[in-house]
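**Student:** Residue numbers (mature numbering (1 follows the signal peptide of the UniProt record, and there is no 0)): -20 to -1, 1 to 500.
All residues carry an ideal CB built from backbone N, CA and C; glycine is no exception.
Have a look at this one:
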């Protein structure tokens, strides 16, 4: 454990280059003025899926901090954290923090052990302890043979760092990719020491991206030490795994595994979702991750249409030549980090993309799932979907979307009420920036247009957006991790192609607030 002290300086949220909020004088009775949300820019009115006005406003808050591969967390005081991978011009990995609703952002200086690959942040809402993890550095200060993970009890000013796996813990090393963290109460029979909750972290291990295994570790002492309780990955006979279409053609499962952040129910049951044999499955554990029961999510598969992919490679900027095909919508619709949510009734929700954002529901603890139904706004191709639940039947969504006939991508946020019933649910959706100022103009989300780090003649080839995340704040509003293409900015001297952006969905009337309590 390494106690490290750091401090970040406050910076105002970067200004947006366009705003679509009409003035009161220009607004008509049919089109009321859009509320000016403090700490946000480019306010956009929300609409229900039938086109009628909805009582929400979407907007964005630019951090001025470069990054990719984002995640998002909000503590019980309303402090917002946006994490990312990639080093900035000063060689620092990215974690942005706002204590005033996005009006200003501070860079949280992270310990030297954390690298520029997969920066993931999580907050335990019961204690406000902040957790952060990344892939290990391979060389230089802070380099190690297995992945670091740390926690902070003062919003990121000081950190305590340890590592998962490795000889010190009597386990193999892990440089596992797509790591995440989740926290919750211990199940009956599991005892914690010095901290009330169990901390879990999972990744594709032992190597990044196309590793052969998926593992989880747990901490029973609040993040000081981690142990691997079992082999988490569901086992399928190789003969039962049909080949699926990957970026390079046909790939035999289970060699590709796409994990997602897990969650913990109030009784300590752990839920984890991954892909196996080309099928998304959800596992549940009653013994803090020692054993799992796995069930498929109905009609939720990991498939790539090779004909669509070839057309995109020929016609879409940023697709051909991008890493692992991640600049191609047909490929990056597979990415996502926060696919699983649970509401106060115990209903589980799973989201994935098949050209639209689809939502499946389970009311029996993940044993069976409804047929997936579309929940993204009509007329959009959507990717990078994440889900969070609050109260009874309320769900929040975030995703990138491209309108039919356009090459521009924008961030979208949605609130779904009665989400557990496809026949009665209502969906309110808003973009987070103006149509004239999309977050990703002319391409999304893996870049072949690279920026060399200052002082270097070589560009980094690490400019992918592999996942995102979102949270309900204590006031019932929604915050999500988005990114803005910054290659268009003439003064950009960073080594990343993207800037961390907080997407926000707020009530359209300040006096109106959602009635649901803060949930999971």
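Is residue 143 near the ligand GDP, with its Cβ less than 8 Å from a heavy atom?
**Tutor:** By its list of ligands, the structure shown contains no ligand whatsoever, and the ligand GDP lies outside what it can speak to.
**Student:** Is residue 93 helix, strand or coil by DSSP?
**Tutor:** Position 113 of the chain shown, counted from the start, is the residue given in the question as residue 93. Three-state result, residue 93: coil.
**Student:** Is residue 414 buried or exposed, if buried means 16 or more other CB atoms sit within 10 Å of its CB?
**Tutor:** As a position in the chain shown, residue 414 is number 434, starting the count at 1. With 16 or more Cβ atoms within 10 Å of its Cβ, residue 414 is classed as buried.
**Student:** Does the distance from the C-beta atom of residue 182 to that of residue 241 stay below 9 Å?
**Tutor:** Here residue 182 is taken as the residue at index 202 of the chain shown, counted from 1. Here residue 241 is taken as the residue at index 261 of the chain shown, counted from 1. In this structure, residue 241 lies closer than 9 Å to residue 182 by Cβ.
**Student:** Under 6 Å Cβ to Cβ from residue 163, same chain only, skipping five residues before and after it: list those, please.
**Tutor:** Walking along the chain shown from the start, residue 163 turns up at place 183. Counting only Cβ-Cβ distances below 6 Å, and skipping sequence neighbours, we find 104, 177 and 179.
**Student:** Am I right that residue 78 and residue 482 are in contact with their C-beta atoms under 8 Å? What's the rounded C-beta distance?
**Tutor:** As a first step, residue 78 must be located in the chain shown, where it is residue number 98. As a first step, residue 482 must be located in the chain shown, where it is residue number 502. Between residue 482 and residue 78 the Cβ distance is about 7 Å, and since that is below 8 Å, they are a contact.
**Student:** Helix or strand or just coil, what does DSSP make of residue 288?
**Tutor:** Looking up residue 288 in the chain shown gives position 308. Reduced to three states, the DSSP call for residue 288 is helix.
**Student:** Taking only runs that begin and end inside the segment 391 to 432, name each unbroken beta strand (DSSP E) of 3 or more residues, in chain order.
**Tutor:** Listed in chain order, the complete beta strand (DSSP E) runs (minimum 3 residues) inside the segment 391 to 432 are 406 to 411.
**Student:** Per the DSSP calculation, residue 199 is bridged to which residue(s)?
**Tutor:** For this step, residue 199 is matched to residue 219 along the chain shown. Looking at the DSSP assignment, residue 199 forms a beta bridge with 179.
**Student:** If residue 194 sits next to residue 144, beta carbons under 8 Å apart, how far is it from one beta carbon to the other, in whole angstroms?
**Tutor:** Position 214 of the chain shown, counting from 1, holds the residue named residue 194. Position 164 of the chain shown, counting from 1, holds the residue named residue 144. With a Cβ gap of about 14 Å, residue 194 and residue 144 do not count as contacting.
**Student:** Leaving aside the five residues before and after residue 486 along the sequence, list all residues of the same chain whose C-beta is less than 6 Å from its C-beta, in chain order.
**Tutor:** Walking along the chain shown from the start, residue 486 turns up at place 506. Closer than 6 Å at the Cβ level, and outside the excluded window around residue 486, lie 17, 37 and 457.
**Student:** Are the segment 81 to 93 and the segment 19 to 36 in contact at 8 Å, needing three or more beta carbon pairs?
**Tutor:** The segment 81 to 93 vs the segment 19 to 36: in contact.
**Student:** Tell me whether residue 118 is buried or exposed, calling it buried when 16 or more other Cβ atoms sit within 10 Å of its Cβ.
**Tutor:** For the purposes of this step, residue 118 is taken as the residue at position 138 of the chain shown. Flag for residue 118 reads exposed.
**Student:** Below 6 Å CB to CB, which residues in the same chain sit around residue 25 once its five sequence neighbours on both sides are set aside?
**Tutor:** Indexing the chain shown from 1 puts residue 25 at position 45. Excluding sequence neighbours, residue 25 sits near 14.
**Student:** Do residue 243 and residue 324 come within 9 Å of each other at the CB atom, strictly closer than that value?
**Tutor:** Translated into the one-based positions of the chain shown, residue 324 becomes position 344. Translated into the one-based positions of the chain shown, residue 243 becomes position 263. For residue 324 and residue 243, no; Cβs fall outside 9 Å.
**Student:** On a Cα-Cα basis, can you pick out the residue from 112, 260 and 23 that is closest to residue 511?
**Tutor:** Residue 511 is absent from the model: the chain starts at -20 and stops at 500.
**Student:** Assign residue 351 to one of two classes, buried (16 or more other C-beta atoms within 10 Å of its C-beta) or exposed (fewer than that).
**Tutor:** Position 371 of the chain shown, counted from the first residue, corresponds to residue 351. Exposed is the call here.
**Student:** Compute the Euclidean distance between the alpha carbons of residue 364 and residue 451, then round it to the nearest angstrom.
**Tutor:** As a first step, residue 364 must be located in the chain shown, where it is residue number 384. As a first step, residue 451 must be located in the chain shown, where it is residue number 471. Roughly 15 Å between the two C-alpha positions.
**Student:** Contact between the segment 39 to 46 and the segment 367 to 376 is defined here as three or more beta-carbon pairs at a separation below 8 Å; is this criterion met?
**Tutor:** The segment 39 to 46 is not in contact with the segment 367 to 376.
**Student:** Let me make sure I understand the geometry here. Which of 88, 315, 200 and 289 has the alpha-carbon closest to that of residue 282?
**Tutor:** Numbered from 1 along the chain shown, position 302 holds the residue referred to as residue 282. Here the closest residue by C-alpha is 315.
**Student:** Checking 9 Å against the spacing of the C-beta atoms, do residue 159 and residue 153 come in under that value?
**Tutor:** Working through the chain shown from its first residue, we reach residue 159 at position 179. Working through the chain shown from its first residue, we reach residue 153 at position 173. For residue 159 and residue 153, no; Cβs fall outside 9 Å.
**Student:** Which two residues bound the contiguous alpha helix (DSSP H) that contains residue 33?
**Tutor:** Sequence index remark: in the chain shown, residue 33 carries index 53 (1-based). Run containing residue 33: none in the alpha helix (DSSP H); it sits in the beta strand (DSSP E), 33 to 46.
**Student:** Tell me which same chain residues have a C-beta within less than 8 Å of the C-beta of residue 489, skipping the five on either side of it?
**Tutor:** As a first step, residue 489 is located in the chain shown; it is residue number 509 there, counting from the start. The answer, listed in chain order, is 15 and 35.
**Student:** Pop quiz: residue 101 and residue 92 are said to be a contact at Cβ under 8 Å. What is the actual Cβ separation, rounded to whole angstroms?
**Tutor:** As a first step, residue 101 must be located in the chain shown, where it is residue number 121. As a first step, residue 92 must be located in the chain shown, where it is residue number 112. Actually they are not in contact, since the Cβ atoms of residue 101 and residue 92 sit about 17 Å apart, beyond 8 Å.
**Student:** Which residues in the same chain have their Cβ closer than 6 Å to the Cβ of residue 269, if we skip the five residues on either side of it in sequence?
**Tutor:** Indexing the chain shown from 1 puts residue 269 at position 289. Contacts found: 196, 198, 209 and 250.
**Student:** Candidates 349, 247 and 307: which alpha carbon is nearest residue 422's?
**Tutor:** Translated into positions along the chain shown, residue 422 becomes position 442. The shortest C-alpha separation from residue 422 is found at 307.
**Student:** Does DSSP put residue 148 in a helix, a strand or coil?
**Tutor:** Position 168 of the chain shown, counting from 1, holds the residue named residue 148. Helix at residue 148.
**Student:** I'd like the span of the beta strand (DSSP E) that includes residue 119, first residue to last.
**Tutor:** Your numbering for residue 119 matches position 139 in the chain shown. Premise fails: residue 119 is in no beta strand (DSSP E) and is neither H nor E.
**Student:** Going by beta-carbon coordinates alone, are residue 366 and residue 382 separated by less than 9 Å?
**Tutor:** Residue numbering aside, residue 366 sits at position 386 when the chain shown is read from its first letter. Residue numbering aside, residue 382 sits at position 402 when the chain shown is read from its first letter. Their beta carbons are not under 9 Å apart, which means residue 366 does not touch residue 382 by this criterion.
**Student:** Roughly how many angstroms lie between the CA atoms of residue 389 and residue 459, to the nearest whole one?
**Tutor:** Locating residue 389 in the chain shown gives position 409, counting from the first residue. Locating residue 459 in the chain shown gives position 479, counting from the first residue. Computed Cα separation, rounded: 19 Å.
**Student:** Between the Cα of residue 120 and the Cα atoms of 342, 130, 32 and 94, which residue gives the shortest distance?
**Tutor:** The sequence position of residue 120 within the chain shown is 140, counting from 1. Of the listed residues, the one whose Cα sits closest to residue 120 is 94.
**Student:** Kindly identify the DSSP beta-bridge partner or partners of residue 143.
**Tutor:** Taking the first residue of the chain shown as position 1, residue 143 is located at position 163. Answer is 128, bridged to residue 143.
**Student:** Give the range of the beta strand (DSSP E) segment to which residue 272 is assigned.
**Tutor:** Sequence index remark: in the chain shown, residue 272 carries index 292 (1-based). Residue 272 -> no beta strand (DSSP E), and no H or E assigned at all.
**Student:** Taking all protein chains shown into account, do 16 or more other C-beta atoms lie within 10 angstroms of the C-beta of residue 273, making it buried, or fewer, making it exposed?
**Tutor:** By 1-based counting over the chain shown, the position of residue 273 is 293. Answer is exposed; the Cβ neighbour count stays below 16.
**Student:** Write down every uninterrupted run of the beta strand (DSSP E) in the segment 236 to 267 whose length is 3 residues or greater and which is fully enclosed by it, in chain order.
**Tutor:** For the segment 236 to 267, whole beta strand (DSSP E) runs of length 3 or above, ordered along the chain, are 250 to 256 and 259 to 265.
**Student:** How is residue 312 classed by DSSP in three states: helix, strand or coil?
**Tutor:** Taking the first residue of the chain shown as position 1, residue 312 is located at position 332. If DSSP states are grouped into helix, strand and coil, residue 312 belongs with the helices.
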